[in-house]
Amino acid sequence: MDIGIIGSGRVAQTVGGKLLDLGHTVTISSRDTSRAKDLGAMGKLPSADEWAAAQRADGADAAAGSFAQAAAAGELAINATAGAGSLAALALAGASNLRGKILIDLANPLDFSQGMPPSLSVCNTDSLGEQVQAALPETRVVKTLNTVSANVMIDPGQLGEPTTIFVAGDDAEAKAWVTRHVLREWFGWEHVLDLGDIRSARGAEMYMPIWLRMWAATGASALNIKLVMV
Ligand SMILES: NC(=O)c1ccc[n+]([C@@H]2O[C@H](COP(=O)([O-])OP(=O)(O)OC[C@H]3O[C@@H](n4cnc5c(N)ncnc54)[C@H](OP(=O)(O)O)[C@@H]3O)[C@@H](O)[C@H]2O)c1
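Written out as structure tokens, the structure is:
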């Protein structure tokens, strides 16, 4: 499948690499594909151009382009941009390039303006997922994967037992397709919980503050929760 990833940060490169391993064609994207990413204490990431060239050298079908080029190229699109820039990035991607397509939204509306830990720029009565869906009314937005770190998104099996991943969205068929193909078959998620329509992205995004505290308390970013019921 042709998959367009809006963004070229750690998530875009991690998820993109997994999708290439699975044999898909992947375009990652940036406002400047030649600029390497400086993550401060977290090190550096290759530029989108360098990443795509390295993947092609390994025989994978990878490209780097603008947000609009990735959106146009993808039969399936993924929003992997910083929450603070997601609406601007998706505007550059272009509603017409995303019309009728499934857009997996794994972004979190983190606000780092007051330092660490970040707060949420939208919560309680609204969410980034809803704002993305409202900005792209003809796109089938599925909120998922935002509650785990990039490495866990693509390899939940590393946690040693099945844990829970959420989906939210207004389009039931799109959620079912993402659940069956992307989450179960491609990434290996066994326990997928459909929270409901896109408004349920609020809960999935408001989980971020406790995720950040669990990360700080344990020092482990490869962590997740498991829903247990009687
Ligand atoms: N890192 C994780 O493990 C993890 C886990 C779960 C969810 N998430 C969420 O996934 C998303 C991606 O995270 P990340 O760590 O890969 O990278 P990130 O640094 O949060 O986002 C990088 C991407 O966002 C774009 N961007 C930032 N500000 C922008 C703006 N004002 N306008 C347009 N584009 C803008 C950048 O575009 P340029 O390339 O043009 O600079 C870049 O491609 C975030 O929403 C994050 O909260 C991350």
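Residue numbers for the sequence shown follow our numbering, so the first one is 173 and each next one is one higher.
Each residue gets a CB set at the ideal place from its N, CA and C atoms; glycine is no exception.
Proximity to residue i [Cα-Cα], best of the options
{"i": "residue 393", "options": "365, 324, 356", "result": "324"}
{"i": "residue 239", "options": "223, 260, 326", "result": "260"}
{"i": "residue 344", "options": "201, 363, 396, 368", "result": "368"}
{"i": "residue 176", "options": "242, 208, 311", "result": "242"}
{"i": "residue 269", "options": "362, 224, 178", "result": "178"}
{"i": "residue 217", "options": "347, 195, 180", "result": "180"}
Bridge-paired residues (DSSP) for residue i
{"i": "residue 251", "result": "178, 277"}
{"i": "residue 216", "result": "210"}
{"i": "residue 236", "result": "200"}
{"i": "residue 364", "result": "337"}
{"i": "residue 283", "result": "291"}
{"i": "residue 304", "result": "For residue 304, which the question treats as bridged, DSSP gives no partner whatsoever."}
Residue i CB to nearest heavy atom of ligand 2 below 7 angstroms
{"i": "residue 321", "result": "In terms of ligand content, the structure shown lacks ligand 2 and carries ligand 1 instead."}
Distance, residue j Cα to residue i Cα
{"i": "residue 188", "j": "residue 199", "result": "8 angstroms"}
{"i": "residue 308", "j": "residue 273", "result": "10 angstroms"}
{"i": "residue 263", "j": "residue 402", "result": "45 angstroms"}
{"i": "residue 362", "j": "residue 372", "result": "20 angstroms"}
{"i": "residue 386", "j": "residue 194", "result": "31 angstroms"}
{"i": "residue 267", "j": "residue 173", "result": "21 angstroms"}
{"i": "residue 356", "j": "residue 322", "result": "16 angstroms"}
Continuous alpha helix (DSSP H) stretch holding residue i: start and end
{"i": "residue 347", "result": "344 to 349"}
{"i": "residue 194", "result": "Run containing residue 194: none; DSSP gives neither H nor E here."}
{"i": "residue 113", "result": "The displayed coordinates of the chain run from 173 to 402. Any statement about residue 113 would go beyond what the structure contains."}
{"i": "residue 326", "result": "322 to 326"}
Beta-carbon proximity check, residue i vs residue j, cutoff 8 angstroms
{"i": "residue 276", "j": "residue 317", "result": "yes"}
{"i": "residue 236", "j": "residue 220", "result": "yes"}
{"i": "residue 281", "j": "residue 246", "result": "no"}
{"i": "residue 397", "j": "residue 302", "result": "no"}
{"i": "residue 338", "j": "residue 319", "result": "yes"}
Closer than 8 angstroms to chain D by CB, residue i
{"i": "residue 226", "result": "You won't find chain D in this structure, because it holds only one protein chain."}
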